[in-house]
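A.B. asks: Going left to right, the sequence shown walks through residues 1216 to 1603 as the numbering used here numbers them.
If you scroll down you'll find the structure; I have some questions about it.
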Amino acid sequence: AQLRPKNLVPMAHVEHGWVFGDSLAVFGDDVGRVVHVPLDELDRYFAMPFGVAITPDKSKLFVSTAGSNGVTVVDIPALLRFIRAAHNSFANDLSASANYVTARIPVGRNPRGIVLSPDGKRLYVAARMDDKISVIDTDSERVVSSIDLGGPSAITPLRRGEQIFNDAHFAFQGQFSCANCHLDATFDGLQWDLEPDGMGMNIVQNRSIEDLTGTQPFKWNGSNPDVATECGPRTAKFIYRSQSYNPQELTDLVTFVLSIPVRPNRYRLPGGGLTPAQERGKAIFERTKYKDGRTIPVNKRCSSCHSGPKYTNNRLADVGTGKPTDDSGVFDTPHLPDVAYLAPYLHDGSARSLEEIWTVFNPNDTHGISNDLTKDELNDLIEYMRAL
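Structure follows, in structure tokens:
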């Protein structure tokens, strides 16, 4: 099961799988090639395909769709016949699924893991956001029972927000949720062409949503002052193309988003100490002098813009990385916790690594002073940043 983002197509609309496609990748001796098989329909979408299970007799395939709270059933012999008869790729043909999808089974919220009983008669589906397991009879293709895993009886605003974050029903025709781009509350590492910024203009790198409290404003151009603005009417109008969240839903969603912590960092020593290389890198990050003793201008010191507990001064800056397709070369200063896991870098994702920020995209020392560093010194700086 796979999610197929179409991130560099201008997001002018969302109909007909323009932004995301949900599909299977089929390969092996039966088909002789890799074939992308759509699971969606022309006006209904089954977001975030996740778990796959195949009956022992290989007659049926089940796919959990985590964003649409369901299980899709595929007739395997019918699918193989359709693939063999197809002369061209049908990866974007949303009428194709009618030839091999036999059922859509509603289950609990955010179904992911699925497993069949040894005899293939029962399918067990873990509804992650409901703390329940739906039990499906694979012959009738219906839910026959539910196993309560004993989750909390009271649903908190944070939990409701997490449910909303993962629910594709808020988007037009149920095409995608927040989690499509922010997988497991992280990010997809892709660049997007958003319509309100001009088609073909202002290509932007998706950003991490970890540890956001105190890092406003949002968007690379800093136009959104808070998370509610970022996730509310603007998202509904230009991304979901649907009704906005009601006030309570938006409040709950913001509560969840602001609760997302930074993930564990393998570059950090237990107890928060630094390695010798990281200590040397910290000194470079915080330096105020060139090697020859001259004072580095305040606006060219790493620690001037990347200051405070989140390593951002919450301001916009021109660091010389703007492109001809950008309306402005002024961008929000990103916060740096867990920057080691956020490649690619810069506002448009043009730097494939931390090294490239300075070795490729800082020829004139407009993004901090780096041209006087040796290779070993630059490595030390990067080791320190990875530990943030």
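Glycine is no exception: its CB is placed at the ideal position from the N, C-alpha and C atoms.
Which full runs of the alpha helix (DSSP H) of 4+ residues lie inside the region 1249-1329, going along the chain?
C.D. replies: Qualifying alpha helix (DSSP H) stretches, in chain order: 1291-1300.
A.B. asks: Quick check: the Cα distance between T1604 and I1291, rounded to an integer number of angstroms?
C.D. replies: In the structure displayed, the chain extends from 1216 to 1603; residue 1604 sits before or after that span and is not available.
A.B. asks: In the DSSP assignment, what residue or residues form a beta bridge with T1510?
C.D. replies: For T1510, which the question treats as bridged, DSSP gives the partners K1504.
A.B. asks: So, with DSSP's three-state summary, where would you put S1238?
C.D. replies: Strand at S1238.
A.B. asks: Are the beta-carbon atoms of S1459 and F1387 separated by less than 7 angstroms?
C.D. replies: Contact flag unset, no.
A.B. asks: Excluding the five sequence neighbours on either side, which residues of its own chain have a C-beta within less than 6 angstroms of the C-beta of F1305, listed in chain order?
C.D. replies: Same-chain partners within the cutoff: A1311.
A.B. asks: Could you tell me whether the region 1270-1284 touches the region 1380-1396, where touching means 3 or more Cβ pairs closer than 8 angstroms?
C.D. replies: Yes, since at least three Cβ pairs between the region 1270-1284 and the region 1380-1396 fall closer than 8 angstroms, the two stretches touch.
A.B. asks: Exposed or buried, R1422, counting other C-beta atoms within 10 Å across all chains shown (16 or more means buried)?
C.D. replies: It is buried - the Cβ of R1422 has at least 16 other Cβ atoms within 10 Å.
A.B. asks: Kindly list the residues whose CB is nearer than 6 angstroms to the CB of F1576, restricted to its own chain and excluding five residues on each side of it in sequence; keep chain order.
C.D. replies: Same-chain partners within the cutoff: T1536, A1566.
A.B. asks: Within 10 angstroms of the Cβ of G1340, are there 16 or more other Cβ atoms? Answer buried if so, exposed if not.
C.D. replies: Correcting the residue identity first, residue 1340 is Val in this sequence and not Gly. Burial call: buried.
A.B. asks: Does the distance from the C-beta atom of L1338 to that of T1353 stay below 7 angstroms?
C.D. replies: Yes; because the gap between Cβ atoms is below 7 angstroms, this pair is in contact.
A.B. asks: Considering only residues of the same chain and omitting the five flanking positions on each side of I1475, which have a CB-CB separation below 8 angstroms?
C.D. replies: So the list reads A1400, I1424, E1425, D1426, L1427, once near-sequence residues are dropped.
A.B. asks: Just to confirm my understanding: we take Q1431, look at its own chain, exclude 5 residues before and 5 after, and list those with CB closer than 7 angstroms. What are they?
C.D. replies: So the list reads P1440, D1441, N1529, once near-sequence residues are dropped.
A.B. asks: What three-state label does DSSP hand Y1556 in the structure shown?
C.D. replies: It is helical.
A.B. asks: When DSSP labels each residue in this structure, what does W1435 get in the three-state scheme?
C.D. replies: If DSSP states are grouped into helix, strand and coil, W1435 belongs with coil.
A.B. asks: Excluding five sequence neighbours on each side, which residues of the same chain lie with their C-beta closer than 7 angstroms to the C-beta of Y1455?
C.D. replies: Here the set comprises F1385, A1386, F1387.
A.B. asks: Relative to the C-alpha of L1239, which residue among I1499, E1571, P1552, F1277 is closest?
C.D. replies: Closest by alpha carbon: F1277.
A.B. asks: Name the two residues that bound the continuous beta strand (DSSP E) containing R1601.
C.D. replies: Segment 1590-1601 is the alpha helix (DSSP H) holding R1601; no beta strand (DSSP E) there.
A.B. asks: For V1288 versus E1356, is the C-beta distance shorter than 7 angstroms?
C.D. replies: Contact flag set, yes.
A.B. asks: Is it buried or exposed for T1527, if we count other Cβ within 10 angstroms and need 16 for buried?
C.D. replies: Answer is buried; the Cβ neighbour count reaches 16.
A.B. asks: Between the Cα of W1233 and the Cα atoms of D1308, A1558, Y1482, which residue gives the shortest distance?
C.D. replies: Per the Cα distances, D1308.
A.B. asks: In three-state terms, what does DSSP make of P1220?
C.D. replies: In this structure, P1220 counts as strand in the three-state DSSP scheme.
A.B. asks: Could you check what DSSP says for K1347 in three-state terms: helix, strand or coil?
C.D. replies: Strand, per DSSP.
A.B. asks: Looking only at C-alpha atoms, which of G1243, D1412, H1550 sits nearest to L1531?
C.D. replies: When only C-alpha atoms are compared, the closest one is H1550.
A.B. asks: Can you grab the Cα-Cα spacing for the pair K1506 / I1584, in whole Å?
C.D. replies: Between K1506 and I1584, the C-alpha separation is close to 11 angstroms.
A.B. asks: Taking the beta carbon of G1429 as the centre, do at least 16 other beta carbons fall within 10 Å, making it buried, or is it exposed?
C.D. replies: Result: exposed.
A.B. asks: Taking the alpha-carbon of V1477 as reference, which of R1601, R1296, A1227 has the nearest alpha-carbon?
C.D. replies: Residue R1601 is the option with its Cα nearest to V1477.
A.B. asks: Spell out the partners DSSP gives Q1406 in its beta bridges.
C.D. replies: Answer by DSSP bridge pairing, in chain order: Q1420.
A.B. asks: Which stretch, first to last residue, makes up the beta strand (DSSP E) that contains D1467?
C.D. replies: Unbroken run through D1467 is the alpha helix (DSSP H), 1462-1472; no beta strand (DSSP E).
A.B. asks: Kindly indicate which residue of G1366, G1365, I1379, F1265 has the alpha-carbon position closest to the one of I1329.
C.D. replies: The candidate whose alpha carbon is nearest that of I1329 is F1265.
A.B. asks: Do three or more CB pairs link the region 1477-1497 to the region 1587-1601 at distances below 8 angstroms?
C.D. replies: In short, these stretches touch, since the Cβ pair count reaches three.
A.B. asks: Return the CA-CA distance between I1418 and V1224, expressed in angstroms with no decimal places.
C.D. replies: Roughly 10 angstroms separates the two Cα atoms.
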